[in-house]
(Lines of atoms letter the chains of each structure in order from A and count residues from 1; the text may use other names and numbers.)
(Lines give C-alpha, C1' and ligand atoms only; values in the text may rest on other atoms or scores of the structure.)
Protein backbone atom coordinates (compact mmCIF):
# COMPACT_ATOMS: atom_id res chain seq x y z
CA UNK A 1 0.00 0.00 0.00
CA UNK A 2 2.95 2.39 0.50
CA UNK A 3 3.26 2.67 -3.29
CA UNK A 4 -0.09 4.48 -3.46
CA UNK A 5 0.57 6.78 -0.49
CA UNK A 6 2.47 9.39 -2.54
CA UNK A 7 -0.34 9.73 -5.07
CA UNK A 8 -2.98 9.75 -2.35
CA UNK A 9 -1.13 12.41 -0.32
CA UNK A 10 -1.16 14.68 -3.41
CA UNK A 11 -4.96 14.41 -3.57
CA UNK A 12 -5.79 14.88 0.13
CA UNK A 13 -6.28 18.66 -0.03
CA UNK A 14 -8.64 18.34 -2.99
CA UNK A 15 -10.40 15.47 -1.15
CA UNK A 16 -10.87 17.61 1.97
CA UNK A 17 -12.24 20.47 -0.15
CA UNK A 18 -14.63 18.15 -2.02
CA UNK A 19 -13.00 18.83 -5.38
CA UNK A 20 -12.37 15.24 -6.53
CA UNK A 21 -14.53 13.50 -9.10
CA UNK A 22 -16.45 10.44 -7.83
CA UNK A 23 -13.91 7.89 -9.11
CA UNK A 24 -10.93 9.71 -7.52
CA UNK A 25 -12.90 10.20 -4.30
CA UNK A 26 -13.65 6.45 -4.12
CA UNK A 27 -9.97 5.59 -4.74
CA UNK A 28 -8.84 7.92 -1.92
CA UNK A 29 -11.49 6.58 0.49
CA UNK A 30 -10.50 2.96 -0.22
CA UNK A 31 -6.88 3.81 0.55
CA UNK A 32 -7.80 5.73 3.73
CA UNK A 33 -9.64 2.64 5.07
CA UNK A 34 -6.41 0.62 5.03
CA UNK A 35 -3.68 3.26 5.64
CA UNK A 36 -3.59 4.93 9.07
CA UNK A 37 -0.84 7.43 8.09
CA UNK A 38 -2.82 8.75 5.11
CA UNK A 39 -6.01 8.74 7.20
CA UNK A 40 -4.28 11.01 9.76
CA UNK A 41 -3.06 13.29 6.96
CA UNK A 42 -6.60 13.42 5.58
CA UNK A 43 -7.95 14.46 9.00
CA UNK A 44 -5.36 17.26 9.22
CA UNK A 45 -6.23 18.41 5.70
CA UNK A 46 -9.94 18.40 6.64
CA UNK A 47 -9.26 20.46 9.79
CA UNK A 48 -7.24 22.97 7.79
CA UNK A 49 -9.94 23.18 5.13
CA UNK A 50 -12.62 23.78 7.80
CA UNK A 51 -10.47 26.47 9.41
CA UNK A 52 -9.91 28.26 6.10
CA UNK A 53 -13.62 28.15 5.28
CA UNK A 54 -14.43 29.75 8.64
CA UNK A 55 -12.10 32.72 8.04
CA UNK A 56 -14.02 35.61 6.50
CA UNK A 57 -12.77 36.90 3.16
CA UNK A 58 -11.21 40.33 3.25
CA UNK A 59 -12.99 42.97 1.20
CA UNK A 60 -11.22 44.03 -1.97
CA UNK A 61 -11.10 47.79 -2.53
CA UNK A 62 -13.20 48.81 -5.52
CA UNK A 63 -10.35 50.83 -7.02
CA UNK A 64 -7.66 48.16 -6.54
CA UNK A 65 -7.20 47.64 -10.28
CA UNK A 66 -6.79 51.37 -10.86
CA UNK A 67 -4.28 51.62 -8.00
CA UNK A 68 -2.19 48.77 -9.40
CA UNK A 69 -2.23 50.21 -12.92
CA UNK A 70 -1.23 53.66 -11.62
CA UNK A 71 1.65 52.16 -9.63
CA UNK A 72 2.87 50.25 -12.69
CA UNK A 73 2.70 53.38 -14.87
CA UNK A 74 4.53 55.41 -12.21
CA UNK A 75 7.30 52.82 -11.85
CA UNK A 76 7.59 52.49 -15.63
CA UNK A 77 7.89 56.27 -16.04
CA UNK A 78 10.57 56.47 -13.33
CA UNK A 79 12.59 53.64 -14.85
CA UNK A 80 12.56 55.36 -18.27
CA UNK A 81 13.86 58.58 -16.75
CA UNK A 82 16.75 56.93 -14.91
CA UNK A 83 17.70 54.45 -17.61
CA UNK A 84 20.99 55.23 -19.35
CA UNK A 85 22.26 53.67 -22.55
CA UNK A 86 24.67 50.81 -21.92
CA UNK A 87 27.58 52.70 -23.48
CA UNK A 88 27.05 55.58 -21.03
CA UNK A 89 27.03 53.21 -18.07
CA UNK A 90 30.22 51.58 -19.33
CA UNK A 91 31.86 54.95 -19.96
CA UNK A 92 31.04 56.19 -16.47
CA UNK A 93 32.31 53.03 -14.78
CA UNK A 94 35.47 52.61 -16.90
CA UNK A 95 38.83 53.71 -15.54
CA UNK A 96 40.48 56.88 -16.83
CA UNK A 97 43.23 55.06 -18.81
CA UNK A 98 40.61 52.83 -20.44
CA UNK A 99 38.51 55.85 -21.43
CA UNK A 100 41.62 57.58 -22.80
CA UNK A 101 42.50 54.51 -24.88
CA UNK A 102 38.94 54.24 -26.21
CA UNK A 103 38.95 57.94 -27.13
CA UNK A 104 42.30 57.59 -28.90
CA UNK A 105 41.03 54.61 -30.91
CA UNK A 106 37.92 56.55 -31.94
CA UNK A 107 39.96 59.57 -33.06
CA UNK A 108 42.39 57.41 -35.05
CA UNK A 109 39.52 55.49 -36.65
CA UNK A 110 37.74 58.66 -37.75
CA UNK A 111 41.00 60.20 -39.01
CA UNK A 112 41.85 57.11 -41.07
CA UNK A 113 38.31 57.00 -42.46
CA UNK A 114 38.55 60.64 -43.49
CA UNK A 115 41.95 60.13 -45.15
CA UNK A 116 40.73 57.06 -47.01
CA UNK A 117 37.67 58.89 -48.29
CA UNK A 118 39.88 61.76 -49.53
CA UNK A 119 42.09 59.32 -51.45
CA UNK A 120 39.02 57.70 -53.02
CA UNK A 121 37.62 61.10 -53.99
CA UNK A 122 40.94 62.14 -55.55
CA UNK A 123 41.27 58.84 -57.39
CA UNK A 124 37.80 59.09 -58.92
CA UNK A 125 38.09 62.76 -59.89
CA UNK A 126 40.66 62.14 -62.66
CA UNK A 127 39.50 60.82 -66.06
CA UNK A 128 39.57 57.09 -66.56
CA UNK A 129 42.39 55.56 -68.50
CA UNK A 130 41.00 52.10 -69.29
CA UNK A 131 44.26 50.72 -70.57
CA UNK A 132 45.98 51.48 -67.26
CA UNK A 133 43.04 51.32 -64.81
CA UNK A 134 41.55 48.05 -66.09
CA UNK A 135 44.76 46.39 -67.28
CA UNK A 136 43.75 46.37 -70.95
CA UNK A 137 47.28 46.63 -72.30
CA UNK A 138 46.42 44.42 -75.25
CA UNK A 139 44.00 47.14 -76.50
CA UNK A 140 46.63 49.90 -76.38
CA UNK A 141 47.39 50.02 -80.11
CA UNK A 142 43.86 49.42 -81.37
CA UNK A 143 43.10 51.34 -84.61
CA UNK A 144 40.13 53.73 -84.81
CA UNK A 145 36.89 51.99 -85.76
CA UNK A 146 37.99 48.59 -84.40
CA UNK A 147 35.99 46.61 -81.88
CA UNK A 148 38.74 47.09 -79.29
CA UNK A 149 38.66 50.87 -79.73
CA UNK A 150 34.84 50.90 -79.45
CA UNK A 151 35.11 48.97 -76.18
CA UNK A 152 37.67 51.45 -74.83
CA UNK A 153 35.38 54.33 -75.86
CA UNK A 154 32.50 52.76 -73.93
CA UNK A 155 34.67 52.52 -70.82
CA UNK A 156 35.79 56.15 -70.94
CA UNK A 157 32.47 57.87 -71.66
CA UNK A 158 29.52 58.20 -69.31
CA UNK A 159 26.81 58.35 -72.01
CA UNK A 160 27.29 55.00 -73.71
CA UNK A 161 30.00 55.89 -76.22
CA UNK A 162 28.55 59.19 -77.51
CA UNK A 163 31.31 61.74 -77.41
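In my numbering, the protein residues as written are 9 to 171.
Each residue gets a CB set at the ideal place from its N, CA and C atoms; glycine is no exception.
(message) For residue 115 and residue 107, what's the separation of their Cα atoms in angstroms?
(response) 12 Å
(message) Can you tell me where the alpha helix (DSSP H) holding residue 35 begins and where it ends?
(response) 30-42
(request) Ignore the nearest five residues each way along the sequence and tell me which others in residue 54's own chain have a CB closer than 6 Å to its CB. (result) 24
(request) Consult DSSP for residue 103 and reduce its assignment to one of helix, strand or coil. (result) coil
(request) Decide yes or no for the touch test of the segment 39-48 against the segment 14-21: beta carbon pairs closer than 8 Å, at least 3 of them. (result) yes
(request) Could you tell me the distance, in whole angstroms, from the CA atom of residue 157 to the CA atom of residue 148? (result) 9 Å
(message) Just to confirm, is the Cβ distance from residue 6 to residue 142 under 8 Å?
(response) Residue 6 lies beyond the range of the chain shown here (9 to 171); nothing can be said about it.
(message) So for residue 27, helix, strand or coil by DSSP?
(response) coil
(request) In angstroms with no decimal places, state the Cα-to-Cα distance between residue 192 and residue 12. (result) No statement about residue 192 is possible, as the shown extent of the chain runs from 9 to 171 and does not include it.
(request) Have a look at 76, 123, 20, 120 and flag the residue whose alpha-carbon is nearest the alpha-carbon of residue 57. (result) 20
(request) Would you tell me roughly how many angstroms separate the C-alpha atoms of residue 48 and residue 22, rounded to the nearest one? (result) 15 Å
(message) Rounded to the nearest angstrom, what separates residue 76 and residue 101 at their Cα positions?
(response) 35 Å
(message) On the criterion of 16 or more Cβ atoms from any shown chain inside 10 Å, does residue 61 qualify as buried, or is it exposed?
(response) exposed
(message) Tell me the rounded alpha-carbon separation between residue 127 and residue 120.
(response) 11 Å
(request) Work out the CA separation of residue 28 and residue 51 for me, nearest whole Å. (result) 16 Å
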